[in-house]
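**Student:** Quick one: the structure is below, questions incoming.
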Amino acid sequence: MPGLLVAVSSYAQEADRIVFKFVDAEVAQGGTKVFRGVEADPRYFRNILVTDFDLLKKSDDYCTATLVGPEAVLTAAHCMVDGSGGLRPAAVQIDGKNWDLACMRSDRQKTDWSFDYLLCRLKPPPNAKLLPGDMFFDSVDTRPVTEDEPVLLVGYGCESMSLDADRQIVPGPKSRSFRIGDEKVAKASGASLAILINSDGSEPALCPGDSGGPLMTGITTKSQEAERSVRGINFSVAGGSGNVKYRSTVVALSHPVFADLLKAWRAANPGALVCEIVGDPAKDHKGRCL
């Protein structure tokens, strides 16, 4: 299996909870990352969640997540798996208070990590304020992507990485770096589970810390304010072959296993909404929270 974007082996020693913050609160302390000459504007990514840097500076547990509804968070299951195969406790810090996350994954993920979907419900503590009134949510989009389709990748915590002589990943330094990057799909077909993105230069498409972050369409680094949807979840990166230096893998939301998880999550969380692209693509294909 390609190298996951977080070091899962560390979870056996660190069973403490994972704490996320909204990216505009976390990045404000350290600044954005200029990636391939482009700087991310946190105003357009306020619904992106990143792991608390201060709590994890001695660990490799950097992950990214997306708010896809007033109480719904989408990320990678491997971000939460502990050493025994269960899920670690997790929370989102809002106004200094921890809102617990109750998470659900597919049974398929327990035996095959490629099915890396995790949907969580955000649970406010007693007397907590509501989310900011101007908060927005991304919509999940279960249409399959196509080869050569332009996409935007989002992630946090990684500055750089390299390959050793055997083309194995060598992680680089980590910081409060929020990264976005324009890419093109190298391989994807129909309801395929994996979306592959190849990089032939010094910068990989994905980097440790990007796990769980969204693959988006409809938006580019030059139009960060554009309408967008989430088509996949960042999963892994590995050394490539030939002219491909890095091969990044994203788990597609078009796979039937994600549709099954979404249905099960809604049944288990009545009243909680997930925003989803619905309707006729030729007419009114837009996000609605259902």
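All residue numbers for the sequence shown refer to my numbering, where the first residue is 1281 and numbers rise by one. Glycine included, each C-beta is placed from N, C-alpha and C at the ideal position. What you are looking at is a predicted structure, and each value in this text was computed from that prediction instead of being measured.
(1) For R1508, which residues of its own chain have a beta-carbon under 6 Å away from its beta-carbon, when the five flanking residues on both sides are left out?
(2) Give me the residue from Q1504, D1304, T1331 and R1323 with the minimum Cα distance to D1490.
(3) Please state the DSSP three-state secondary structure of K1409.
(4) How many whole angstroms separate the CB atoms of F1417 and G1492, which I take to be in contact at a CB cut-off of 8 Å?
(5) Please classify P1430 as buried or exposed, where buried requires at least 16 neighbouring CB atoms within 10 angstroms.
(6) Quick one: give me the first and last residue of the beta strand (DSSP E) that E1556 is part of.
(7) Which of the three DSSP states, helix, strand or coil, is assigned to R1388?
(8) If we ignore side chains and look at the alpha-carbon of each, how far apart do L1533 and K1377 end up?
(9) Could you compute how far the alpha carbon of W1379 sits from the alpha carbon of A1357?
(10) Quick check: A1345 and F1300, are their CB atoms within less than 7 Å of each other?
(11) Classify F1416 as helix, strand or coil using the three-state DSSP reduction.
(12) Taking Cβ positions, are D1421 and K1464 nearer each other than 7 Å?
(13) What residues are listed by DSSP as bridge partners for I1499?
(14) Between which two residues does the beta strand (DSSP E) harbouring R1423 extend?
(15) Candidates Q1504, A1468, S1516 and S1472: which alpha carbon is nearest F1538's?
**Tutor:** According to the data block:
(1) M1496, G1498 and I1499
(2) T1331
(3) Of the three classes helix, strand and coil, the one that applies to K1409 here is coil, per DSSP.
(4) No, F1417 and G1492 are not in contact; Cβ-Cβ is about 16 Å, not under 8 Å.
(5) exposed
(6) C1555 to V1558
(7) helix
(8) Each residue's alpha carbon lies about 31 Å from the other.
(9) 19 Å
(10) yes
(11) coil
(12) no
(13) BP columns for I1499 are empty, so no partner.
(14) Segment: none, R1423 is in no beta strand (DSSP E) and carries neither H nor E.
(15) The closest CA to that of F1538, considering only Q1504, A1468, S1516 and S1472, is found on S1472.
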